[in-house]
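If you're matching them up, the sequences are chains E and B in order. According to numbering that gives the first Met the number 0, the first sequence is numbered sequentially starting from 0. According to numbering that gives the first Met the number 0, the second sequence is numbered sequentially starting from 0. Working notes, structure below.
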Amino acid sequence: MVIRVFGFWVLLLSTAFAQGPQQFGTASISGKVTIEGKPAPGITVRIQKSDEQWDNSKSPGLVTTDSEGVFKLDKLPAAQYIVTPSVPGYYNPQKKNEWQESITINLSDGEQASGQDFALKRGAVVTGRLFDANGRAIIEQQVVLKKIGGSKAQTIQCTEFSDDRGVYRCYGLEPGKYIVGAGTDPKENNVVMIGARSYVRAWYPGVAQEEQSTPVEATIEKEASGIDLKLERKKKGFKVMGRVFDSDTGKPVPNIMIALGTVNDEGITTGYSMGAGSGSNAEGEFKLEGITKGKYRAIPQPYGNTEYVGDPVTFEVDDGDVTSLEIKMRKGATIQGTAALEEGAAPDVQRKLVGVNLVAQARDPQAKETDWYSATNSWSGIDAAGNVQFKGVRTGNVTINLTGKEAKGFSIRRIERDGAPVTDGLQVNAGETITGLRIVLALGSGTIRGEIKVEGGTLPEDVGLRIRAKTTNKTQGDGWGNIDARGKFLIENLNSGSYDLVVETFMNRPPYGKPSVTLQSNAKTVQVTNGQDQTVNLTVTIGSTNKEEKQ
Amino acid sequence: MTRALLLVLLLLPSFALAQETAPNKTPNKTPNKTEDPPPKRKGSIKGKVMSDDGQPLESANINLNAAKYSGMGDWRQAQTDDEGNFVLDGLASGLYHLSASTSAYVEAERPLEQKFYRLGDVVTFTLVKGGVITGRVTNGLGEPVIAAPIRLERVSDLEGRKINSEWWYGQQRKTDDRGVYRVYGLPAGRYVVSVGGKAPYRHGSSTAYESDTPTFYPSASREGATEITVNIGEEVRGIDIRYRHEKGHSISGKVTGAPADNSLLSYSIQVELHRYPGNALEMSLYIQATDPTKSFEFITVPDGEYELIANVYAGENKDSYQSNRRRVTVKGGNVTNVELRLSPLSSIEAKLEWEATPEKERKAECQTTRPLNAEETMFWLVKDDPKPANPLSVDAVLRHDLPTEKGELKYQNLEAGVYRFSPRLLDEAWYIKSILAKDDAPKPKAQNPKLPPPPDLGKQGIALKAGEKRKDIVLTLANGAASVRGRVVAEKDQALPSRLRIHLVPAEKEAADDLLRYAEQKTKDGTFTFANLAPGKYWLLARRVPDDEADGKRVNLLAWDVTTRKTLRAEAEATNNAIELTPCQRVKEHKLTFGK
Numbered sequence: 000m001v002i003r004v005f006g007f008w009v010l011l012l013s014t015a016f017a018q019g020p021q022q023f024g025t026a027s028i029s030g031k032v033t034i035e036g037k038p039a040p041g042i043t044v045r046i047q048k049s050d051e052q053w054d055n056s057k058s059p060g061l062v063t064t065d066s067e068g069v070f071k072l073d074k075l076p077a078a079q080y081i082v083t084p085s086v087p088g089y090y091n092p093q094k095k096n097e098w099q100e101s102i103t104i105n106l107s108d109g110e111q112a113s114g115q116d117f118a119l120k121r122g123a124v125v126t127g128r129l130f131d132a133n134g135r136a137i138i139e140q141q142v143v144l145k146k147i148g149g150s151k152a153q154t155i156q157c158t159e160f161s162d163d164r165g166v167y168r169c170y171g172l173e174p175g176k177y178i179v180g181a182g183t184d185p186k187e188n189n190v191v192m193i194g195a196r197s198y199v200r201a202w203y204p205g206v207a208q209e210e211q212s213t214p215v216e217a218t219i220e221k222e223a224s225g226i227d228l229k230l231e232r233k234k235k236g237f238k239v240m241g242r243v244f245d246s247d248t249g250k251p252v253p254n255i256m257i258a259l260g261t262v263n264d265e266g267i268t269t270g271y272s273m274g275a276g277s278g279s280n281a282e283g284e285f286k287l288e289g290i291t292k293g294k295y296r297a298i299p300q301p302y303g304n305t306e307y308v309g310d311p312v313t314f315e316v317d318d319g320d321v322t323s324l325e326i327k328m329r330k331g332a333t334i335q336g337t338a339a340l341e342e343g344a345a346p347d348v349q350r351k352l353v354g355v356n357l358v359a360q361a362r363d364p365q366a367k368e369t370d371w372y373s374a375t376n377s378w379s380g381i382d383a384a385g386n387v388q389f390k391g392v393r394t395g396n397v398t399i400n401l402t403g404k405e406a407k408g409f410s411i412r413r414i415e416r417d418g419a420p421v422t423d424g425l426q427v428n429a430g431e432t433i434t435g436l437r438i439v440l441a442l443g444s445g446t447i448r449g450e451i452k453v454e455g456g457t458l459p460e461d462v463g464l465r466i467r468a469k470t471t472n473k474t475q476g477d478g479w480g481n482i483d484a485r486g487k488f489l490i491e492n493l494n495s496g497s498y499d500l501v502v503e504t505f506m507n508r509p510p511y512g513k514p515s516v517t518l519q520s521n522a523k524t525v526q527v528t529n530g531q532d533q534t535v536n537l538t539v540t541i542g543s544t545n546k547e548e549k550q
Numbered sequence: 000m001t002r003a004l005l006l007v008l009l010l011l012p013s014f015a016l017a018q019e020t021a022p023n024k025t026p027n028k029t030p031n032k033t034e035d036p037p038p039k040r041k042g043s044i045k046g047k048v049m050s051d052d053g054q055p056l057e058s059a060n061i062n063l064n065a066a067k068y069s070g071m072g073d074w075r076q077a078q079t080d081d082e083g084n085f086v087l088d089g090l091a092s093g094l095y096h097l098s099a100s101t102s103a104y105v106e107a108e109r110p111l112e113q114k115f116y117r118l119g120d121v122v123t124f125t126l127v128k129g130g131v132i133t134g135r136v137t138n139g140l141g142e143p144v145i146a147a148p149i150r151l152e153r154v155s156d157l158e159g160r161k162i163n164s165e166w167w168y169g170q171q172r173k174t175d176d177r178g179v180y181r182v183y184g185l186p187a188g189r190y191v192v193s194v195g196g197k198a199p200y201r202h203g204s205s206t207a208y209e210s211d212t213p214t215f216y217p218s219a220s221r222e223g224a225t226e227i228t229v230n231i232g233e234e235v236r237g238i239d240i241r242y243r244h245e246k247g248h249s250i251s252g253k254v255t256g257a258p259a260d261n262s263l264l265s266y267s268i269q270v271e272l273h274r275y276p277g278n279a280l281e282m283s284l285y286i287q288a289t290d291p292t293k294s295f296e297f298i299t300v301p302d303g304e305y306e307l308i309a310n311v312y313a314g315e316n317k318d319s320y321q322s323n324r325r326r327v328t329v330k331g332g333n334v335t336n337v338e339l340r341l342s343p344l345s346s347i348e349a350k351l352e353w354e355a356t357p358e359k360e361r362k363a364e365c366q367t368t369r370p371l372n373a374e375e376t377m378f379w380l381v382k383d384d385p386k387p388a389n390p391l392s393v394d395a396v397l398r399h400d401l402p403t404e405k406g407e408l409k410y411q412n413l414e415a416g417v418y419r420f421s422p423r424l425l426d427e428a429w430y431i432k433s434i435l436a437k438d439d440a441p442k443p444k445a446q447n448p449k450l451p452p453p454p455d456l457g458k459q460g461i462a463l464k465a466g467e468k469r470k471d472i473v474l475t476l477a478n479g480a481a482s483v484r485g486r487v488v489a490e491k492d493q494a495l496p497s498r499l500r501i502h503l504v505p506a507e508k509e510a511a512d513d514l515l516r517y518a519e520q521k522t523k524d525g526t527f528t529f530a531n532l533a534p535g536k537y538w539l540l541a542r543r544v545p546d547d548e549a550d551g552k553r554v555n556l557l558a559w560d561v562t563t564r565k566t567l568r569a570e571a572e573a574t575n576n577a578i579e580l581t582p583c584q585r586v587k588e589h590k591l592t593f594g595k
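Below, the structure is given as structure tokens:
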């Protein structure tokens, strides 16, 4: 039906019962949701492409289970999907860690992936009240639960914070024994809560050590109620004050926001906060309040002002104010140039370049390589004429990489400056404008898909598998893909060349580190050609664990 | 990096300056412009946060914003100590906006006008425990609806007067495993409560209920919603909702008109879906500027009338881009192919000029050459929209700026329309004499009498076209301003209405259309203050505020409308409460009888 709305012809489509993602294909995903063994109708299952998960403008596929608890979403193009049923109040005994409520599926064209079932169980409830030394209600604090016994070490955070009466209610819990706590533990938190009302971590009924806490039994039959917890206010903390200035001229630099990161024992920034609301004023002065004892990194954030770039400063708060931090800023540099595809690329591929993002990264030479927060990034897109411009680039050695989902499949073949190849990054000086940069890109369109079989035992629950296509060619990156529950994998947008397919293990829950298992016979060499889609199957054998090797 | 347009647009309700206790002491000579500006004074603002039962509120959050926003350096946060005290020090002189908040508490009463503070001020905030609404959500079978988001929208004040509805942005609460929810810390008013649907601002995790349209208490769409009255400190129970699984429809389209030079590449395009009439936000989303298609889709939209608008921040000191406002009706089907075309917003730059009274002509004390303290002077720019396309639209568009030391004012991100200046001069010695377009500013001597007079922008207002950057406005200030303070009294044996609007109308016939001479003020206790007035003869008139106008609603001067102005003049002349103001006169206790 076509109607006229304010002078525009619009087509009104009939409502679809299930709304799918935007393109159409021939594959499908289906399964059944049960609760306590009985079919669960009316449950919303969300099926979304994994690379669109955080894309606010693209809507996910949403499908509702029918009276038999069955759901199906079809007309799907081949891609990697995340399937998540939304059934709060119930828990999934299958889930491997607290984030994994979903199933990941690598779907091929025309594949009908059925049997994606979720068997959920009604959860237990723990409820009580948080109060302080004066008996007053503690509002908006989060309660955590640690399950004791069993093989899984799990920390669960209650979804809702305590209300105005101090009352909290944790539901949908797997039945078992828990210790119940609230308040902040500096080692645990990723976010620096500057100035917020905070309480010292304590465990029910109000003890400092986990071992001293009274365990709480959570069962389906009966709510564990009256689990009231007393908390102590955290000490107010100290002030951190300093000055932001141009290290070349000595003049103050205003309007630089100071973010605070927490630093762990290895010197790596683990948390990050923009709080405490202090940007440098006209004299370059800033003040942060409520900072408790610990090791921190003050990270200058020029927020839209790309004129200056600054170095983070590591410092410690012990038992007094920190009064004279010096944040040195230097005039950012500008890098200009062009980006183009390799000679011989098809014209429609050339157009795809527009919208691809590049990032110029300058690492703080004193920070460790794994320190995510230590890089200063400047971004540029590629416009219709192929122009590229990075502003506010930090002094030092700068590497240029592709970034963002539009860059998928592209790789940087080589970078030249005024015709000469750039192999180890650009040397950038303060305030400089570098011109004549040429970035040559290639678009890969080779695909490898297949199935991984695991032999010689079963993988522990806390170990996941992924697959990497390693290349020795420095001008292109590795490809990689994850392996879904059925053992299927998908690696896309590989450039023509030779790759070593390697299956890797990783820890899928804290404390992340080296997995306890190794794999044998887990590699295969594959030739990839652009435009080609090939299937490769691998068998991996579980090797001896590290523990056994030590003996 | 992304930057929401909301950070740039400062939409504030009307305000009044903090009570002035002592005049500003500045050196009594014209500044020598070739010298370096004197170093800024530094000082602090301190105070206390208490609850209405006299108890201090510790760990309350204090937010400080400089009135002259010039970047992140002007925003500060602090917390009250165990006695409820706070200090913000190391502040440069100027005007500041201050607010205090703490969980579950609200302001005791929203001031009619926003207050600004200066260095040395001591501020006491009194907060009260907000209201609570609690209830249970079940589905058609009586089963609990679990972890469904609860949203509240304040649609009227406590007396039932419609306000621009405001989403309650407190702690986002969800129903628990019994379907029970509890929302606390609510300011007094009338609310509609809904469960499910999409959040207006998409952040945080998604919920199972996003694919439905929201269900309103007791079990209705928005039109059938029952309003709930909540007072501060009150707990309203039993607000049980029977959930309806209703699907909405989609609105999809694309955003066009982004400049080809990719200057906006690092910013996101925000697309907003507002309910019409009014401006309440229903949903919003972001598009990456790098997305070549710039397509968008709103899903689960309930039936109704809407207005779509897209905008994107373009960097500091640049005007943002905004699209046309696109009206859309959703009724039983999807809407597609909506195009929102971006174009740059407009701006106004104005220059202040001071016209000091020549030495020989000075009759009164305030007619000195004392310069204006720029950092404590504020000018409002208001959009004059006599017949807004959107009835029930937001309170009149209002921006403020403080002049630089050179007297420059800048207002960015304006839509096309007519604008007027409204002074908020702290220094009572000054008034706005004229607003002219620079090229037509009168030459001091040898004016050709045959030339038409320069357009009087004080009368006409400043017309701004789409995308226009006007830099030609000159605001001339003269000293010798007068002021009138007083109160309204009732006729004997009559009761005084609690809400009054006081009008100040120039009595001279020639000034009938000189809009710079008109002033208006809403008052609840009958007192009024008019300052920064050009000397001359005036009438004062008190009128009742219409019953359906909410206290907080800011209304542009009624006198700006030609017909209303005529009526006001006739009424003012008839009641004839007249006053003759000479330069620098300060009338302290003028009595105005409420006539009708």
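Beta carbons: idealized from backbone N, C-alpha and C, even for Gly.
Would you say Ser-342 of chain B and Gln-366 of chain B are within 9 Å of each other, going by their C-beta atoms? no
Touching by the beta-carbon criterion (3+ pairs, under 8 Å), the stretch 428-440 of chain E and the stretch 400-419 of chain E: yes
Near-chain E residues of the stretch 75-98 of chain B - C-beta to any C-beta below 9 Å: Arg-75, Gln-76, Ala-77, Gln-78, Asp-80, Asp-81, Asp-88, Gly-89, Leu-90 and Ala-91
Backbone CA spacing between Gly-403 of chain E and Ala-258 of chain E [nearest angstrom]: 24 Å
Determine, for Glu-374 of chain B, whether the minimum Cβ-Cβ distance to residues of chain E falls below 9 Å. no
Supposed contact pair Thr-126 of chain E and Tyr-89 of chain E - C-beta distance, whole angstroms, cut 8 Å: About 17 Å separates the two Cβ atoms, so there is no contact after all.
In three-state terms, what does DSSP make of Arg-172 of chain B? coil
Going by CA-CA distance only, name the one from E:Leu-144, E:Gly-60, E:Gln-115 and E:Thr-398 that's closest to Pro-76 of chain E. E:Gly-60
Is the beta carbon of Ala-429 of chain E less than 9 Å from the beta carbon of Thr-457 of chain E? no
Tell me Gly-496 of chain E's beta-bridge partners as DSSP assigns them. E:Val-527
For Gln-388 of chain E, does the count of other Cβ atoms within 10 angstroms reach 16, so buried, or fall short, so exposed? buried
Give me the subset of the stretch 324-343 of chain E whose CB atoms are less than 7 Å from a CB atom of chain B, sorted by chain position. none
Taking the CB atoms as reference points, tell me whether Asn-316 of chain B and Gln-411 of chain B lie closer together than 9 Å. yes
Which of the three DSSP states is assigned to Gln-519 of chain E in this structure? strand
Got a sec: is the Cβ-Cβ distance from Asn-230 of chain B to anything in chain E below 9 Å? no
Proximity below 9 Å, CB of Val-329 of chain B to CB of Asp-302 of chain B: yes
Nearest CA to the CA of Pro-87 of chain E: which residue from E:Ile-42, E:Lys-48, E:Ser-107 and E:Ala-78? E:Ile-42
In the DSSP assignment, what residue or residues form a beta bridge with Gly-30 of chain E? E:Phe-70
Quick check on this structure: which residue in E:Glu-450, E:Ile-137 and E:Ile-46 has the alpha carbon closest to the alpha carbon of Lys-523 of chain E? E:Glu-450
Which class does Val-392 of chain E belong to by DSSP, given the choice of helix, strand or coil? strand
For the alpha helix (DSSP H) that contains Gly-457 of chain B, what are its first and last residues? 456-459
Strictly under 9 Å for the Cβ-Cβ distance: is Lys-146 of chain E near chain B by that measure? no
Residues that Glu-209 of chain E contacts on chain B, provided the C-beta gap is smaller than 8 Å: The contacting residues do not exist; Glu-209 of chain E stays about 26 Å from chain B at best.
Residues of chain B with a CB under 7 Å from the CB of Gly-171 of chain E: which are they? Asp-176
Straight-line gap, Glu-110 of chain E to Gln-211 of chain E (C-alpha atoms, nearest Å): 54 Å
Pairing CB atoms from the stretch 115-133 of chain B with CB atoms from the stretch 229-241 of chain B, are three or more of them under 8 Å? yes
Could one say the Cβ of Ser-85 of chain E lies closer than 9 Å to chain B's Cβ atoms, at least one of them? yes
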